[in-house]
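Some notes on the structure that comes next.
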């Protein structure tokens, strides 16, 4: 969905047709992949068709983490990791969005988990 604002065009992510995935090294031997089943995101552009410089906001419900392993998911929701009960959301606010190729971008921004904010660089495919 899109809406035109005084600033530009605001896009709301269609959760039914979008995915948020992550990969994490585990014990330096294997890689754990997962996703968040419940999330929300908006993108505000100034009308530039390649989204260069877009402002992106994202949040995911920590209780919706899904690694296809129930025991691991419950551990991730616990106080050892996300503490989903006390910190129900992960939040991201972009600081830059750069196009690398036709469908690849680099997204930089501030990621907040458990009230701790750190700058991150993310690879994005569109």
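Numbering (my numbering), first residue to last: 916 to 1041. From the three backbone atoms N, C-alpha and C, an ideal C-beta is built for every residue, glycine too.
Could you tell me the alpha carbon to alpha carbon distance between residue i and residue j, rounded to whole angstroms?
i, j, result
"residue 974", "residue 959", "15 Å"
"residue 1006", "residue 1026", "6 Å"
"residue 955", "residue 929", "8 Å"
"residue 931", "residue 952", "10 Å"
"residue 1037", "residue 1023", "6 Å"
"residue 1039", "residue 1020", "5 Å"
"residue 994", "residue 926", "34 Å"
"residue 1029", "residue 1002", "6 Å"
So residue i is in the alpha helix (DSSP H); what residue range does that whole segment cover?
i, result
"residue 988", "985–992"
Given a cut-off of 8 Å on the beta-carbon distance, is the pair residue i and residue j in contact?
i, j, result
"residue 972", "residue 1004", "no"
"residue 950", "residue 984", "no"
Might you give, ordered along the chain, the residues of its own chain that have their beta carbon closer than 6 Å to the beta carbon of residue i, omitting 5 neighbours on each side?
i, result
"residue 969", "958, 960 and 1012"
"residue 986", "none"
"residue 1010", "1023 and 1024"
If I follow the unbroken beta strand (DSSP E) through residue i, where does it start and stop?
i, result
"residue 955", "954–960"
"residue 967", "First-last for residue 967: undefined, no H or E at that position."
"residue 948", "945–951"
"residue 937", "936–941"
Mapping DSSP to helix, strand and coil, what is residue i?
i, result
"residue 1011", "strand"
"residue 977", "helix"
"residue 914", "Residue numbering for the chain in the displayed model covers 916 to 1041; residue 914 lies beyond these limits and cannot be assessed."
"residue 1030", "coil"
"residue 1047", "Because residue 1047 is not part of the residues shown, which for the chain are 916 to 1041, the question remains open."
"residue 982", "coil"
"residue 1025", "strand"
So, at 8 Å on beta carbons, what are the nonlocal neighbours of residue i in its own chain, with the 5 sequence-adjacent residues on each side left out?
i, result
"residue 962", "923 and 924"
"residue 936", "948, 949 and 950"
"residue 967", "1012, 1013 and 1014"
"residue 1018", "1040 and 1041"
"residue 1085", "Not covered by the structure: residue 1085. The range shown for the chain is 916 to 1041."
Grab me the residues of residue i's own chain with a C-beta within less than 7 Å of its C-beta, minus the 5 sequence neighbours each way, in chain order.
i, result
"residue 999", "977, 978 and 992"
Does any CB atom of chain D fall closer than 8 Å to the CB of residue i?
i, result
"residue 951", "Protein chains in the displayed structure number just one, and chain D is not present."
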